[in-house]
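Asks: Below is the structure I would like to discuss, written out as structure tokens.
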Amino acid sequence: MNVIGYINRVKLPLSLIVARLIPVLTDSLVSYDVAAFFYSVSLTIKSVLVFILPFIVFSFMVSCFCRLGRNAFFFCVLLVLGVFTSNILAIFTGYLVGIFTVPMLTIQASSEAYLAAGLGTLWTFQLVPLFSSMNALVAGFLVGCLINLLKLDLLKPAIPAELIKVNNIKG
Numbered sequence: 216m217n218v219i220g221y222i223n224r225v226k227l228p229l230s231l232i233v234a235r236l237i238p239v240l241t242d243s244l245v246s247y248d249v250a251a252f253f254y255s256v257s258l259t260i261k262s263v264l265v266f267i268l269p270f271i272v273f274s275f276m277v278s279c280f281c282r283l284g285r286n287a288f289f290f291c292v293l294l295v296l297g298v299f300t301s302n303i304l305a306i307f308t309g310y311l312v313g314i315f316t317v318p319m320l321t322i323q324a325s326s327e328a329y330l331a332a333g334l335g336t337l338w339t340f341q342l343v344p345l346f347s348s349m350n351a352l353v354a355g356f357l358v359g360c361l362i363n364l365l366k367l368d369l370l371k372p373a374i375p376a377e378l379i380k381v382n383n384i385k386g
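Position 126, counted from 1, in the sequence shown is what my numbering calls 341; the numbers after and before it change by one each time, with no gaps.
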């Protein structure tokens, strides 16, 4: 077996394992201020991503529907069925796990102990999203369908015919 090929195959899982082990192994070596700094940076990045996510969802939905053309309706049906199926499975899984595991829990937690043991932040940076990701999904769905129904070529790529042709060279 080729060693380099094996390393390339396991690069992502190995990176994830290492990234998960580093905080666990270095927890006692890092001061509270450094941990609070990285926690604050993490929350800032999360806030920016949550703010940008609806725009990404909207643009992907509109682009997808514009490129699908006639198959957009079939995609809509599959998308709705997929969302319903996913939600039903998540609800039943959560319910069943809750029924079987919650009675076995005997840990008593108090809110004072939880707050005292928590990690604080050095700063708070909060961007309030203009609209939710679900609203962006619905709006992207509607705008994409509208562009498709009106047969507007606003978002379809303009690719020259020379780039699309495939040269069949016999030799």
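Ideal Cβ placement from N, Cα and C applies to all residues, glycine included.
What is the DSSP secondary structure of Lys226, counted as helix, strand or coil?
Replies: If DSSP states are grouped into helix, strand and coil, Lys226 belongs with the helices.
Asks: Just the Cα atoms here: how many angstroms apart are Ile237 and Thr300?
Replies: One C-alpha to the other measures close to 37 Å.
Asks: Closer than 8 Å is the cut-off here; do at least three beta carbon pairs connect the segment 265-275 with the segment 343-357?
Replies: Judged by Cβ distances under 8 Å, the segment 265-275 makes contact with the segment 343-357, as three or more pairs qualify.
Asks: In whole angstroms, what separates the C-alpha of Val256 from that of Thr316?
Replies: Approximately 34 Å between the Cα atoms of the pair.
Asks: Quick check on DSSP: helix, strand or coil for Leu346?
Replies: Residue identity check: residue 346 is Phe in the sequence provided, not Leu. Three-state DSSP puts Phe346 in coil, outside helix and strand.
Asks: Using 7 Å as the threshold, is the C-beta distance between Tyr254 and Leu334 below it?
Replies: Taking 7 Å as the Cβ cut-off, Tyr254 and Leu334 qualify as a contacting pair.
Asks: Taking a contact to mean a Cβ-Cβ separation below 7 Å, would you say Leu280 touches Asn363 in this structure?
Replies: Per the sequence shown, the amino acid found at residue 280 is Phe instead of Leu. Going by C-beta atoms, Phe280 is nearer than 7 Å to Asn363.
Asks: With a threshold of 6 Å on Cβ separation, who are the neighbours of Trp338 within its own chain once the five nearest residues in sequence on each side are excluded?
Replies: If we look at Trp338 and ignore the five residues flanking it on each side, its Cβ neighbours are Ser255.
Asks: Excluding the 5 residues flanking Ala287 on each side, which residues of the same chain have their C-beta closer than 6 Å to its C-beta?
Replies: For Ala287, where only same-chain residues beyond five positions count, the Cβ hits under 6 Å are Phe280 and Asn363.
Asks: Beta-carbon within less than 7 Å of Ala251's beta-carbon, same chain only, minus the 5 sequence neighbours each way: which residues are those?
Replies: Counting only Cβ-Cβ distances below 7 Å, and skipping sequence neighbours, we find Leu334, Gly335, Thr336 and Leu337.
Asks: Between the alpha carbons of Leu367 and Leu361, how many angstroms are there, rounded?
Replies: Each residue's alpha carbon lies about 9 Å from the other.
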